[in-house]
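A quick write-up on the structure given underneath.
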Amino acid sequence: MQNVMGLGLRVLNRVAGLPVVDRLGLRPTTERWIYQASKTGFQAATLAARQFKATQKLLKPARLPRAARPELFDLTPTDDQQALKEAAQSFAMEQLRAAGQQADTDGKASPELLAQAAELGVAILGVPEELGGAGSERSVMTNVLMAEALAQGDLGLAVACLAPTAVSTALVLWGDADQQARYLPAFVGEQPPVAALAVMEPRPLFDPQQLDTTATRSDGGFVLNGVKTLVPRAAEAELFIVAASLDGQPALFIVEAGAAGLTTEAEPAMGLRAASMARLQLGNVSVPATALLGAGAAEVYDECIALSRLAWCALAVGTSQAVLDYLIPYVNERVAFGEPISHRQAVAFAVSNVGIELEGMRLLTYRAASRAEQGQDYVRQVALARRLCADKGMAIGSDGVQLLGGHGFTKEYPVERWYRDLRAVGLMEGVLLV
Amino acid sequence: MINLEVPKKFRPLVDQAHQVAVEFFRANSRKYDRAEHAVPKELNMLASLLDGMNDSGAGGGTGASGVRRDTVDHGENKNGSNLSTCLGIMELCWGDVGLLLAMPRQGLGNSAIASVANAEQLERFKGRWAAMAITEPGCGSDSANIRTTAVLDGDHYVLNGEKIYVTSGDRADLVVVWATLDRAVGRAAIKSFVVEKGTPGFELVRLEHKLGIRASDTAAFALKDVRVPKENLLGDPEVNVEKGFAGVMQTFDNTRPLVAAMAIGLTRACLENLEAARHGGFVGRLSSAVAGAVFGSRHAAGA
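Keeping their order, the protein sequence lines are chains A and B.
Going by the numbering used here, 184 is the number at position 184 of the first sequence; the sequence numbering is gapless.
Going by the numbering used here, 210 is the number at position 210 of the second sequence; the sequence numbering is gapless.
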């Protein structure tokens with residue numbers, strides 16, 4: 001099927017071939033125009049947003065209470081967590097896994113699939129009851145288990161499914177009473193909004209503490225300028241939380257789609273293609289003073305970055321498990337030189353190492369999540385988890401390709417997609433929260 | 001509920017183990033590393049202390065309490081002796097690994113006895129230090145392939161063979177020896193026999209000179225017609241082809257994680273040393289300066 005770009009090229013080819021262009025001396029001008037047009041790319045305005053209106057008044061922001069501090073060293077999920085995890089896993093293995101390849105090819109997830117994912121209730125569990133949600137307790141661990149389970153099906157689709165929850169979680173954690181009343185009801189309603197947490201910027205060695213996107217104070221609010229990259233489903237998103245530098249400090253701003261100066265541009269990447277990543281350009285976007293989240297406090301921003309990195313660790317664990325589960329039967333069945341390739345130590349050791357490192361990734365991720373939810377300092381644990389999940393997640397994806405030989409390189413098998421998706425783990429900032 | 005922090009109830013144990021590590025292990029570490037094969041007599045007093053603690057049910061020890069199939073609980077999560085032993089070992093090996101291995105009455109043989117001995121044997125061997133002899137010159141990783149034989153002769157088994165890499169072989173009172181009743185049957189015929197030191201024919205031929213853990217003695221034995229009372233065969237003398245090897249292997253299930261715990265304790269000691277070197281003193285300042293020159297100013301400031 002021809003897409004816009006293909007059509008444009010075909011037209012261009014026709015125009016370029018016309019004798020009249022030369023007769024009228026238009027070629028240099030036309031070429032310059034083409035150059036400018038293609039440099040700025042195919043930009044589109046963001047979706048005219050739904051109207052977010054508060055239907056109730058909260059006296060104070062609704063926060064989920066913290067869970068009781070556990071007594072014992074324990075690696076077992078609670079019964080509730082186990083039930084949620086199993087539900088997410090069934091959905092992931094039955095629906096996400098089957099849809100993964102097509103979604104990757106198309107560069108998007110089907111609306112039906114996303115609706116089904118919403119029914120799992122990940123977002124709703126994170127919203128307090130007084131705002132129409134089903135949340136009774138703040139559980140980072142539950143969010144990690146669900147993210148891990150979804151990523152076992154497909155990492156790109158897991159991102160597409162979970163992206164809006166990052167925004168609802170941010171509002172629950174740091175929103176004031178008015179922000180919560182205005183935006184959260186939509187997330188527990190019939191048609192939750194498409195939403196995205198935009199932190200990353202398109203430059204090498206991006207550091208989320210050094211943002212180029214700026215927020216300058218204006219009459220009644222702020223003006224935002226900058227570019228965000230790899231924003232999930234940005235073209236369809238109705239609500240964004242954007243990281244911008246305010247008075248030299250990174251802060252988070254709520255931005256409704258349809259605002260003047262807010263445009264997106266498709267940005268298909270090496271992986272996570274099912275999440276329809278795009279650039280988000282902010283050209284003098286005005287937002288009211290009420291858009292600032294958490295009073296711009298450094299602790300709020302730091303926590304946002306930490307929780308988002310932890311989310312990516314959870315995804316890495318889930319997809320790495322998918323790789324391992326795929327590899328074991330493959331190497332036991334694939335025959336070369338008269339015997340299963342798993343009989344070769346090089347192969348057996350490689351698969352064992354995947355198992356060992358995966359366990360390490362999982363335990364570090366769980367420890368960080370468990371400390372976060374107990375209110376203990378977890379900065380170090382998240383840093384350790386991220387380092388290991390990035391390095392080993394990438395290696396596991398790569399080993400998956402290598403152990404399948406030529407099959408690992410073709411799209412007929414899922415490992416090449418899992419490798420491309422896993423490669424993102426050490427690079428991504430924002431997008432998700434647990 | 002998933003939680004990976006050290007439970008409060010174990011903090012006293014960890015503190016205690018840390019004190020031992022500082023006062024006994026670190027204090028004697030270099031001394032016994034240099035004087036390989038000298039008996040670390042300071043440990044005897046420590047062992048008495050630990051025995052007291054173990055018998056009072058206060059937990060700790062080095063896995064010598066083993067694991068018994070009949071007492072395995074498949075119910076709820078329990079932070080029991082496996083975890084407490086692990087935590088204790090991590091702390092002690094922060095002190096010194098060799099000295100931990102040299103702790104009296106904490107041998108691998110003790111784990112084997114605790115795991116598979118019958119009631120009468122448990123009573124008889126109580127309070128004795130037992131080493132474990134499995135490896136032979138011709139078999140290490142493939143322990144199912146051992147060649148030491150045990151032949152029933154009247155009321156004794158007669159053992160013949162060679163054993164190497166027996167930790168605490170010199171200092172222990174007893175050695176649990178793996179021998180086969182019938183090589184043709186395979187692993188199911190492998191049994192463990194408790195051999196008293198000094199039994200005729202049971203000869204210590206060599207103590208290894210090692211790269212590390214030099215405070216722990218590593219012995220080689222020759223067995224020439226060693227007569228072992230048949231009551232010293234640990235557990236069941238029947239050759240059960242179905243589950244034969246399992247009993248012996250269950251000992252390893254318990255002790256293998258403890259080897260990992262040893263590595264963790266030691267690694268933590270290394271890391272702390274490195275961090276101290278980086279930040280303190282002339283060496284610290286020098287290494288910071290070098291790091292700064294090589295990697296840029298961000299690292300030089302001790303980031």
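For each residue, glycine too, the CB sits at the ideal point set by N, CA and C.
All of these numbers come straight from a predicted model, not from anything done at the bench.
Can you check DSSP and say which residues form a bridge with residue i?
i, result
"A:Arg279", "A:Glu265"
"B:His156", "B:Asp153, B:Pro229"
"B:Glu139", "For clarity, residue 139 of chain B is Cys in the given sequence; the question names Glu instead. B:Cys139 pairs with B:Glu136."
"B:Gly161", "B:Leu223"
"A:Gln249", "A:Leu246"
"A:Ala196", "A:Phe240"
"A:Thr216", "A:Val223"
"B:Trp178", "B:Ser192"
If we define contact as Cβ-Cβ less than 8 angstroms, is residue i a contact residue for chain A?
i, result
"B:Ile2", "yes"
"B:Gly59", "Note on B:Gly59: pLDDT 47, under 50, position unreliable in the model; the coordinate value appears next. No, no contact with chain A."
"B:Val39", "no"
"B:Asn254", "no"
"B:Pro257", "no"
"B:Pro7", "yes"
"B:Leu211", "no"
"B:Leu83", "yes"
"B:Arg11", "no"
"B:Asn79", "yes"
Counting only beta-carbon separations shorter than 8 angstroms, does residue i have a partner in chain B?
i, result
"A:Leu358", "no"
"A:Gln2", "For A:Gln2, the predicted structure reports a pLDDT of 42, less than 50, and the residue's modelled location is therefore unreliable. A value from the coordinates is still provided. Taking Cβ atoms only, chain B never reaches closer than 8 angstroms to A:Gln2, which makes this a no."
"A:Leu324", "no"
"A:Glu71", "yes"
"A:Tyr366", "yes"
"A:Asp74", "yes"
"A:Thr78", "yes"
"A:Ser308", "no"
"A:Met270", "no"
"A:Met361", "no"
"A:Met141", "yes"
"A:Ser218", "no"
"A:Ser370", "yes"
"A:Thr40", "Note on A:Thr40: pLDDT 47, under 50, position unreliable in the model; the coordinate value appears next. So, not an interface residue."
Helix, strand or coil for residue i per DSSP?
i, result
"A:Ser139", "coil"
"A:Ile254", "strand"
"A:Glu86", "helix"
"A:Phe222", "strand"
"B:Lys191", "strand"
"B:Ala215", "coil"
"A:Phe73", "coil"
"B:Ser111", "helix"
"A:Pro288", "strand"
"A:Thr55", "coil"
"B:Gly59", "Bear in mind that a pLDDT of 47 at B:Gly59, under 50, signals an unreliable position, so the model cannot answer this."
"A:Ala297", "coil"
"A:Ala98", "helix"
"A:Glu429", "coil"
"A:Lys60", "coil"
Since residue i and residue j should fall inside the 8 angstroms C-beta cutoff, what is the C-beta to C-beta distance between them, to a whole number of angstroms?
i, j, result
"B:Gly265", "B:Trp94", "4 angstroms"
"A:Trp312", "A:Leu432", "7 angstroms"
"B:Glu136", "B:Glu120", "Wrong, their Cβ atoms sit about 29 angstroms apart, outside the cutoff."
"A:Leu307", "A:Leu358", "Their Cβ separation, rounded to whole angstroms, is 22 angstroms, which puts A:Leu307 and A:Leu358 out of contact at 8 angstroms."
"A:Gly261", "A:Val285", "4 angstroms"
"A:Val347", "A:Trp174", "That belief does not hold up - the Cβ atoms of A:Val347 and A:Trp174 are roughly 48 angstroms apart, past 8 angstroms."
Does any residue of chain D have a CB that is nearer than 8 angstroms to the CB of residue i?
i, result
"A:Thr78", "No chain D appears in the structure shown, which is made up of the protein chains A and B."
- request: Evaluate contact between the region 396-411 of chain A and the region 273-281 of chain A, counting only Cβ atoms and requiring at least three cross-stretch pairs below 8 angstroms.
  value: no
message: Does the contact criterion of 3 or more C-beta pairs under 8 angstroms hold for the region 116-132 of chain B versus the region 144-151 of chain B?
response: Touching, no, given that fewer than three Cβ pairs across the two stretches are closer than 8 angstroms.
message: Within 8 angstroms, do at least three Cβ pairs link the region 153-161 of chain A to the region 88-102 of chain A?
response: yes
message: Under 8 angstroms: do the region 184-204 of chain B and the region 227-236 of chain B share three or more Cβ pairs, one atom per stretch?
response: yes
field: Validate contact between the region 308-322 of chain A and the region 381-390 of chain A using beta carbons, cut 8 angstroms, 3 pairs
entry: Under the three-pair Cβ rule at 8 angstroms, the region 308-322 of chain A counts as touching the region 381-390 of chain A.
Inter-stretch contact (C-beta, 8 angstroms, three-pair minimum) for the region 408-427 of chain A and the region 34-47 of chain B: no
query: How do the region 122-135 of chain A and the region 197-204 of chain A stand: do at least 3 beta-carbon pairs fall below 8 angstroms, yes or no?
result: no
- prompt: With a cut-off of 8 angstroms, do at least 3 Cβ pairs link the region 98-108 of chain B to the region 212-220 of chain B?
  reply: yes
query: Does the region 15-25 of chain B touch the region 162-178 of chain A, meaning 3 or more C-beta pairs lie closer than 8 angstroms?
result: no
- prompt: Are at least three pairs of beta-carbons, each pair with one atom in the region 266-278 of chain A and one in the region 291-298 of chain A, less than 8 angstroms apart?
  reply: no
field: Three-pair Cβ contact test at 8 angstroms for the region 235-245 of chain A versus the region 29-40 of chain B
entry: no
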